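Start counting the sequence shown at 1; every next residue gets the next number (full-length UniProt numbering).
Cβ atoms here follow ideal geometry from the backbone N, Cα and C, with glycine treated the same way.
Treat the numbers as computed from the prediction; the structure is a model and nothing was measured.
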Amino acid sequence: MKETFKNINPFILGLLISVGIGLILGLEREYDKLKEEQGFAGIRTFPIVAIIGFILGSLFITSMAVYNEPSVETGINTFVEQQPTDLIAMVTLGKTGFLSLFSKSIAEGVTNHSLLPVMTIPI
1 MKETFKNINP
11 FILGLLISVG
21 IGLILGLERE
31 YDKLKEEQGF
41 AGIRTFPIVA
51 IIGFILGSLF
61 ITSMAVYNEP
71 SVETGINTFV
81 EQQPTDLIAM
91 VTLGKTGFLS
101 LFSKSIAEGV
111 TNHSLLPVMT
121 IPI
């Protein structure tokens, strides 16, 4: 299986995966429309949106930074120090109470140790 995709351009492979995911979502949407008529998106719209999203995402991704730091918080702060950044935005699960005893919050650690403002978005 690895040999099959080894010679394919990564951009083309990503584009094909995006179209496949868009088709699956479009088929699911069409199936839901059979139950009750609503909306306009379906088998044609989702693949088009997936292609546009993939191409735009590919154009604007310029670099990836990997830091060997002792914690995620330290890695994020190291990255922020080297980039022109005004704000750190993070999503958080918002674990509180008993659950917070078992896993530490990365967003909380970044918020407590960052020199920049941090916007946390609960999901």
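>> Mapping the DSSP letters down to three states, classify residue 122 as helix, strand or coil.
In response: Strand at residue 122.
> Near residue 19, which residues of its chain fall below 7 Å by C-beta distance, leaving aside the five closest residues on each side in sequence?
Replying inline: Excluding positions up to five away in sequence, the list reads 47, 50, 51.
> Are the beta-carbon atoms of residue 8 and residue 23 separated by less than 9 Å?
Replying inline: No, they are not a contact pair.
> Going by Cα to Cα distance, which pick from 88, 80, 29, 66 is closest to residue 121?
Replying inline: Checking every option, the nearest Cα to that of residue 121 belongs to 88.
>> According to DSSP, simplified to helix, strand and coil, what is residue 74?
In response: In the structure shown, residue 74 sits in a helix (DSSP, three-state: H, G or I).
> On the premise that residue 73 lies in contact with residue 26, defined as a C-beta separation below 8 Å, what is that separation, rounded to the nearest angstrom?
Replying inline: A Cβ-Cβ separation of about 40 Å leaves residue 26 out of contact with residue 73 under the 8 Å criterion.
>> For the ligand COA, I want to know if residue 50 counts as a neighbour, meaning its beta carbon is within less than 8 Å of at least one of the ligand's heavy atoms.
In response: Because no ligand of any kind appears in the structure shown, any question about the ligand COA cannot be addressed here.
> In this structure, what does DSSP give as the bridge partners for residue 167?
Replying inline: In the structure as shown, the chain starts at 1 and stops at 123, and residue 167 therefore has no counterpart that could be examined.
> Between which two residues does the alpha helix (DSSP H) containing residue 193 stretch?
Replying inline: Because the chain in this structure spans residues 1 to 123, residue 193 falls outside the shown range and cannot be described.
>> Less than 9 Å between the C-beta atoms of residue 80 and residue 56, yes or no?
In response: Not closer than 9 Å, so no.
> Can you tell which of 16, 123, 91 has its C-alpha closest to the C-alpha of residue 111?
Replying inline: Checking every option, the nearest Cα to that of residue 111 belongs to 91.
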